[in-house]
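As structure tokens, the structure follows; a few thoughts come after it.
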Amino acid sequence: MLEEGKKIILFDGVCNLCNNAINFIIKHDKKDTFRYASLQSDIGKELIEQRNIDTSKLDSILLIEQKKMTYFHKSTAALHIAKQLSGLYPFLSVFLILPKFLRDWVYDIVAKNRYKWFGKKESCMIPTPELRALFIDQ
Numbered sequence: 042m043l044e045e046g047k048k049i050i051l052f053d054g055v056c057n058l059c060n061n062a063i064n065f066i067i068k069h070d071k072k073d074t075f076r077y078a079s080l081q082s083d084i085g086k087e088l089i090e091q092r093n094i095d096t097s098k099l100d101s102i103l104l105i106e107q108k109k110m111t112y113f114h115k116s117t118a119a120l121h122i123a124k125q126l127s128g129l130y131p132f133l134s135v136f137l138i139l140p141k142f143l144r145d146w147v148y149d150i151v152a153k154n155r156y157k158w159f160g161k162k163e164s165c166m167i168p169t170p171e172l173r174a175l176f177i178d179q
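Under my numbering, the first residue of the sequence shown is numbered 42, with each subsequent residue one higher.
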């Protein structure tokens, strides 16, 4: 189920912005670096529990590195994901030099308003058959 060496992205499965972001990442993940699961899935909950992540404060995308048992969240996760994508997106990682509180302040504004601005689904995204292998919560 969890492939060795793959990084896992946990995302809000009912958020339209999050789902569109995952589709964007899949399109630009030419090195096949990532696997995906919703925060609401059983595997998502298990990975969160294993890392003792406080879900009451979780309003974020999570990037989990299996080998190190570490994770990144909010802007740090987004920028580390961008670093692995094809095209010019890795250059966005230059923003990692900015203080985390500043980056996360911007991230939090978008996260707080994501349902209002982009909408919400009634249930988690169901990947197409050709993408199903990329999702570990299927």
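Cβ atoms here follow ideal geometry from the backbone N, Cα and C, with glycine treated the same way.
These numbers come from a predicted model, not from an experiment.
Endpoints, alpha helix (DSSP H) assigned at residue i
{"i": "Leu120", "result": "Lys115 to Lys124"}
{"i": "Ile94", "result": "No alpha helix (DSSP H) contains Ile94, which DSSP labels as neither H nor E."}
Beta-ladder partner(s) of residue i, from DSSP
{"i": "Lys161", "result": "Cys56"}
{"i": "Lys48", "result": "Phe75 and Glu106"}
{"i": "Phe176", "result": "Tyr77"}
{"i": "Tyr112", "result": "Ile105"}
Cβ neighbours of residue i in the same chain (closer than 6 angstroms, five flanking residues each side left out)
{"i": "Asp53", "result": "Cys59 and Leu80"}
{"i": "Glu106", "result": "Lys48"}
{"i": "Phe113", "result": "Leu104 and His121"}
{"i": "Arg155", "result": "Cys56 and Leu58"}
{"i": "Leu137", "result": "Leu120"}
Nearest-angstrom Cβ-Cβ length linking residue i and residue j, presumed shorter than 8 angstroms
{"i": "Asp100", "j": "Ala152", "result": "5 angstroms"}
{"i": "Leu126", "j": "Asp70", "result": "6 angstroms"}
Pair within 8 angstroms by beta-carbon distance, residue i and residue j
{"i": "Asp178", "j": "Ile50", "result": "no"}
{"i": "Leu175", "j": "Ile67", "result": "yes"}
{"i": "Glu44", "j": "Arg76", "result": "yes"}
Own chain, CB closer than 7 angstroms to residue i, minus 5 neighbours either side, in chain order
{"i": "Lys124", "result": "Pro131 and Ser134"}
{"i": "Lys161", "result": "Val55, Cys56 and Asn57"}
{"i": "Leu88", "result": "Ile49, Leu51 and Ile105"}
Residues of its chain near residue i, where Cβ-Cβ distance is below 8 angstroms and the 5 sequence neighbours each way are ignored
{"i": "Val147", "result": "Ser116"}
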